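Numbering (our numbering), first residue to last: 332 to 782.
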């Protein structure tokens with residue numbers, strides 16, 4: 332049995348490691364990738380292929396102190412309306428280069444607060460998207476919904492546009508914790524929003540909840556999880572709060588001495604995890620839970636689970652196109668990220684070119700290590716047959732790579748001719764184990780706690 336002390340010695344309580352929603356991670360992107368690369372990669376998409384689309388709306392009515400996303404506050408619709416015009420222009424530019432017959436696999440509106448758009452704006456944006464990339468028969472259209480920033484007309488517009496999955500940020504239902512993170516969102520407001528969503532035939536529901544928040548205790552997180560379970564989400568992300576006030580200045584509003592210790596964070600995670608499992612949810616990767624009939628559970632059972640910038644996904648599209656300021660696209664050739672500043676992004680689009688400001692071109696080693704890391708993060712195992720066939724690497728070369736990881740965690744991993752796997756007892760170390768396969772220098776990048 333692996334003890335908490337052993338996990339600590341291996342770095343669980345003090346290591347800062349990537350979440351590995353990409354490889355290489357975003358701090359290693361450079362300005363070597365620009366608009367011409369992005370344009371060429373769009374044109375290289377196969378005619379008739381399915382692609383996924385992410386739309387970023389970087390506005391919020393209020394700025395929650397815990398959030399480290401690229402957002403800006405506004406009390407007026409004027410900047411939102413202007414940004415919508417930029418999105419429409421960007422989509423029109425995309426249409427000019429996109430090959431024929433391309434359809435949508437997944438569409439996600441994120442932010443920020445996409446539901447800050449009024450109903451007419453939502454209809455306008457959805458219409459512009461469908462003109463460029465029509466829905467396929469199996470398209471999943473999800474939207475991040477703020478229960479404090481939604482009403483019947485906006486939900487009517489989203490349902491009419493084809494939204495079939497909603498995502499609700501819960502974080503924690505405890506009133507003191509909400510006050511300490513600048514997020515006032517009662518259970519009743521959340522429940523009522525979910526009722527409105529389901530009344531419109533949207534049956535698939537995601538929810539996010541955080542552990543490691545200020546003033547959080549095992550009792551408090553248990554109460555919040557039980558309230559969340561009463562709402563019966565299909566899919567839950569149990570994320571660890573990352574306190575990075577040097578990156579997200581608003582987090583300076585949260586006193587560091589109110590945060591749980593790393594050891595307490597592990598206990599908070601385990602408390603929530605056990606409740607989801609006791610309620611019949613399937614554990615997905617390192618931080619997700621889903622009902623047995625949810626797409627993530629099916630993907631995990633069939634070996635099709637993947638990882639992207641939104642976490643775990645069952646999306647099979649090879650291309651994810653990011654639209655809007657700071658959005659990141661993923662192509663078979665590499666990553667491309669738009670200018671993070673809304674003003675600079677808007678100027679580029681008005682000047683008639685994409686706003687790609689940085690990115691990364693994949694090497695052969697990138698693709699290999701990306702898949703090795705993804706396999707560990709999704710399945711806790713690396714299948715030697717799959718890797719050798721897919722990447723034309725010899726068993727000896729793969730054994731050398733995996734052997735170094737095994738040596739870094741002596742006696743803890745299962746290494747054989749079949750590949751490498753992580754036993755359940757040490758799965759809290761998965762991100763640290765994945766880091767051993769990372770060929771990039773991680774010393775200069777600010778990452779989140781391993782737990």
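Using N, Cα and C, we set each Cβ at its ideal position, and we do this for glycine too. Here the structure is a predicted model, which is why all the values come from computation and not from measurement.
Return the chain-ordered list of same chain residues with a C-beta closer than 8 Å to the C-beta of residue 335, the five sequence neighbours on each side being excluded. 594, 597
If you draw a straight line from the alpha carbon of residue 345 to that of residue 461, how long is it in whole angstroms? 47 Å
I'd like the span of the alpha helix (DSSP H) that includes residue 549, first residue to last. 549 to 561
Use the C-beta contact count for residue 681: other C-beta atoms within 10 angstroms, 16 or more gives buried, fewer gives exposed. exposed
Anyone know if the C-beta pair for residue 536 and residue 525 falls short of 8 Å? yes
Continuous beta strand (DSSP E) stretch holding residue 472: start and end: 466 to 476
What number of angstroms, rounded off, separates the C-alpha of residue 493 from the C-alpha of residue 464? 14 Å
What do you get for residue 754, buried or exposed, if any count of 16 or more other CB atoms within 10 angstroms of its CB means buried? exposed
Residue 479 in three-state terms, based on DSSP: helix
Is the beta carbon of residue 737 closer than 8 Å to that of residue 751? yes
Within 10 Å of its beta-carbon, does residue 578 have 16 or more other beta-carbons around it, so buried, or fewer, so exposed? exposed
Distance, Cα to Cα, residue 368 vs residue 711? 34 Å
Compute the beta-carbon to beta-carbon distance between residue 558 and residue 518, rounded to the nearest angstrom, for a pair I have assumed lies under 8 Å. 5 Å
Quick one: what's residue 395 bridged to in DSSP? Paired residue(s): none; residue 395 is not in a bridge.
Can residue 695 and residue 665 be called in contact, C-beta distance under 8 Å? no
Buried or exposed by the 16-neighbour rule on C-beta atoms within 10 Å, applied to residue 564: buried
Give every residue of the same chain whose Cβ lies closer than 8 Å to the Cβ of residue 705, excluding the five residues on either side of it in the sequence, and list them in chain order. 351, 354, 637, 638
Whose CA, out of 600, 573, 435, 758, lies closest to the CA of residue 740? 758
Alpha carbons only, please: which of 669, 512, 393 is nearest the one belonging to residue 406? 393
Ignore the nearest five residues each way along the sequence and tell me which others in residue 570's own chain have a CB closer than 7 Å to its CB. 539, 541, 618
Complete runs of the beta strand (DSSP E) confined to the segment 695 to 731 [at least 3 residues]: 712 to 714
Give the single residue among 545, 487, 764 whose Cα lies nearest to the Cα of residue 505. 545
Close beta carbons around residue 404, own chain, < 8 Å, minus the five adjacent residues each side: 390, 391, 392, 393, 394
At which residues does the beta strand (DSSP E) containing residue 388 begin and terminate? 381 to 388
Using DSSP bridges, identify the partner residues of residue 691. 666
Find the nearest neighbour of residue 387 within the set 396, 441, 340, judged by alpha-carbon distance. 441
Return the CA-CA distance between residue 434 and residue 713, expressed in angstroms with no decimal places. 32 Å
Along the alpha helix (DSSP H) that carries residue 515, what are the first and last residues, could you check? Where residue 515 is concerned, there is no enclosing alpha helix (DSSP H), given that its DSSP letter is neither H nor E.
Beta strand (DSSP E) segment containing residue 570, residue limits: 566 to 571
What did DSSP end up calling residue 446 once you bin it into helix, strand or coil? helix
Report the residue from 662, 630, 702, 782 whose alpha carbon sits nearest the alpha carbon of residue 371. 662
Taking the alpha-carbon of residue 366 as reference, which of 424, 568, 729 has the nearest alpha-carbon? 424
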